[in-house]
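Trainee:
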Amino acid sequence: MSVLERAWYRAGPWLWLLWPLSWLFAIISASRRYLFKAGFKASSKPAGTLVIVVGNISVGGNGKTPVVIDVAEYLLKQGLRPGILSRGYGGSNTVFPHLVTAGDTAAQVGDEPKLMALRTGVPVVTDPKRARGANWLREQHQCNVIVCDDGLQHYALKRDMELVVMDERRFGNGHLLPMGPLREGVWRLDTVDMIIHNVRQFGSARLLGVAPAQYPMQLAPNHFVNVADPSLTQSLATFMETDRNITALAGIGNPARFFSQLDNLGISCKQQIPFADHYEFSPQDIPSGTVVMTEKDAVKVASFAHDDCWYIKVSAQLPQAFYHQLDQKLAPFKKIQKEHDHGI
Numbered sequence: 000m001s002v003l004e005r006a007w008y009r010a011g012p013w014l015w016l017l018w019p020l021s022w023l024f025a026i027i028s029a030s031r032r033y034l035f036k037a038g039f040k041a042s043s044k045p046a047g048t049l050v051i052v053v054g055n056i057s058v059g060g061n062g063k064t065p066v067v068i069d070v071a072e073y074l075l076k077q078g079l080r081p082g083i084l085s086r087g088y089g090g091s092n093t094v095f096p097h098l099v100t101a102g103d104t105a106a107q108v109g110d111e112p113k114l115m116a117l118r119t120g121v122p123v124v125t126d127p128k129r130a131r132g133a134n135w136l137r138e139q140h141q142c143n144v145i146v147c148d149d150g151l152q153h154y155a156l157k158r159d160m161e162l163v164v165m166d167e168r169r170f171g172n173g174h175l176l177p178m179g180p181l182r183e184g185v186w187r188l189d190t191v192d193m194i195i196h197n198v199r200q201f202g203s204a205r206l207l208g209v210a211p212a213q214y215p216m217q218l219a220p221n222h223f224v225n226v227a228d229p230s231l232t233q234s235l236a237t238f239m240e241t242d243r244n245i246t247a248l249a250g251i252g253n254p255a256r257f258f259s260q261l262d263n264l265g266i267s268c269k270q271q272i273p274f275a276d277h278y279e280f281s282p283q284d285i286p287s288g289t290v291v292m293t294e295k296d297a298v299k300v301a302s303f304a305h306d307d308c309w310y311i312k313v314s315a316q317l318p319q320a321f322y323h324q325l326d327q328k329l330a331p332f333k334k335i336q337k338e339h340d341h342g343i
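Going by numbering that gives the first Met the number 0, the first residue of the sequence shown is number 0, and it counts up by one from there.
#1: S249 bridges to which residues according to DSSP?
#2: Answer yes or no: do Q316 and Q217 have a C-beta to C-beta separation smaller than 8 Å?
#3: Would D189 and V164 be called neighbours here (beta carbons separated by less than 8 Å)?
#4: Roughly how many angstroms separate the alpha carbons of L84 and R129, rounded to a whole number?
#5: In whole angstroms, give me the CA-to-CA distance for H222 and P177.
#6: Per DSSP, what kind of secondary structure is Q217 in: helix, strand or coil?
#7: Any contact of the segment 136–143 with the segment 71–86, i.e. 3+ C-beta pairs under 8 Å?
#8: Am I right that D410 and K36 are in contact with their C-beta atoms under 8 Å? What's the rounded C-beta distance?
#9: So that I know if they touch, is there some Cβ in chain C lying closer than 8 Å to that of P81?
#10: Between I343 and the rest of its own chain, which residues show a CB-CB distance below 7 Å, the 5 nearest in sequence each way excluded?
#11: Taking M193 as part of the beta strand (DSSP E), name the residues at either end of that continuous run.
#12: Taking three-plus beta-carbon pairs below 8 Å as touching, is the segment 225–245 in contact with the segment 264–277?
#13: My guess is that G54 and L151 are in contact by the Cβ rule of under 8 Å, so how many angstroms apart are they, rounded?
#14: Using only CA atoms, which one of V291, F170 and P331 lies nearest to R9?
#15: Quick check on this structure: which residue in N253, V121 and I311 has the alpha carbon closest to the alpha carbon of I68?
#16: Under a three-way DSSP split, which group does V164 fall into?
#17: Can you give the Cα-Cα distance for K299 and Y214, rounded to whole angstroms?
#18: Put I335 into one of helix, strand or coil per three-state DSSP.
#19: Whether or not the segment 188–208 and the segment 273–286 are in contact is what I'm after, with contact meaning three or more pairs of Cβ atoms, one per stretch, closer than 8 Å; do they touch?
#20: Under 6 Å Cβ to Cβ from G109, same chain only, skipping five residues before and after it: list those, please.
#21: Using the Cα positions of W15 and L3, report the straight-line distance between them to the nearest angstrom.
#22: DSSP state of S259, grouped into three classes?
#23: Smallest Cα separation from I272: which of S281, F257, A249 and H153?
#24: Round the Cβ separation of I355 and R182 to the nearest angstrom and send it over; I've been treating them as touching at under 8 Å.
#25: Rounding to the nearest angstrom, what Cα-Cα distance links V123 and S43 in this structure?
#26: My understanding is that Y73 touches Y322, with C-beta atoms under 8 Å, so please give their C-beta distance in whole angstroms.
#27: Please confirm whether D148 and M193 have their CB atoms less than 8 Å apart.
#28: Straight-line CA distance for A275 to F332?
#29: Which of the three DSSP states, helix, strand or coil, is assigned to T232?
#30: From the DSSP secondary-structure annotation, give me the bridge partner or partners of C268.
#31: Under the three-state reduction of DSSP, which class applies to P254: helix, strand or coil?
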């Protein structure tokens, strides 16, 4: 975490020096929103598609990727043809739209797109111009539901549903960039469809006085997977029974959340090493002995991980009420799709 990021979530009086820049950011952001809302700038989506945006109003990792994976898998079970759209942040690729393939590395396409492609098996496309990427998914893969990873503020892509994911850090100091971590004001939450809280204690995290439905999410650990050879797995119980000298690594938006998860599982680590989000690991970053990391980090180190590197495979657990609300949004769209497929 950078000095600036630490100041956002702790007392940092010097941040007031950035107040004029935050006001400038607010003016530019509000003007841009107005231009799209008034129709002076075009907002579009592919015909015959439903667009779901999973994002947040703050910078940094809040747990969006597990939600995108879960929603895409749920859509598949409903008989729909989902595709995932991502900016491809952290990737070196410069030609867009780009379909993430098995031969792509995380360094080329970004760690999150690579992970989402591996986990879901649905088409994952990276493109900083989201509307163009969405059109490509529709034209090339006949996707009828586009799940956009991040992009809440990318108004050029018209959307049907907005999901906001928050963690225990919430809004930090409550100021807009660069004085604070917010991309948009807290008011924006009243305009979205659902708020998902990636926290252990939902009661204390629940926001008061906001209109959208709010749901708790738990990242449930399934088992340990060997990074070098994913065919090797161990249950949580078996892994913890073995006498190990463990080092934990995390190059995600909130490393403390991963380290806390290990503590809650009863996994004692000799060292916990945080890295910046989307950090590009090298072999020198991987110590000897047992190393535990996130699945997002595993896709970046797979090519040089030694045989005692492991990641915890986690899945998003959301309440049934979340899927019920999602079904309500999907129902009229599914009816139209069914009539279209049957030529009615």
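Note that beta-carbon positions come from the ideal geometry of N, C-alpha and C, so glycine has one too.
Given the structure is predicted, the values throughout are model-derived calculations rather than measurements.
Mentor: This is what the structure holds:
#1: The amino acid at residue 249 is misidentified as Ser; the sequence shows Ala. The partner list for A249 (beta bridge, DSSP) reads P273.
#2: yes
#3: no
#4: 7 Å
#5: 39 Å
#6: strand
#7: yes
#8: As shown, the chain starts at 0 and ends at 343. That puts residue 410 outside it, with no answer to give.
#9: Looking for chain C here will not work: only one protein chain is present.
#10: Reliability fails at I343, whose pLDDT of 47 lies under 50, so the model's placement of it is uncertain and the value that follows must be treated cautiously. Cβ within range, chain order: n/a, list empty.
#11: M193 to N197
#12: yes
#13: 3 Å
#14: F170
#15: V121
#16: strand
#17: 31 Å
#18: helix
#19: no
#20: G87, Y88, G89 and G90
#21: 12 Å
#22: helix
#23: A249
#24: The shown model of the chain, from 0 to 343, leaves out residue 355, and the question about it has no answer.
#25: 20 Å
#26: 7 Å
#27: no
#28: 40 Å
#29: strand
#30: Beta-bridge pairing links C268 to no other residue.
#31: helix
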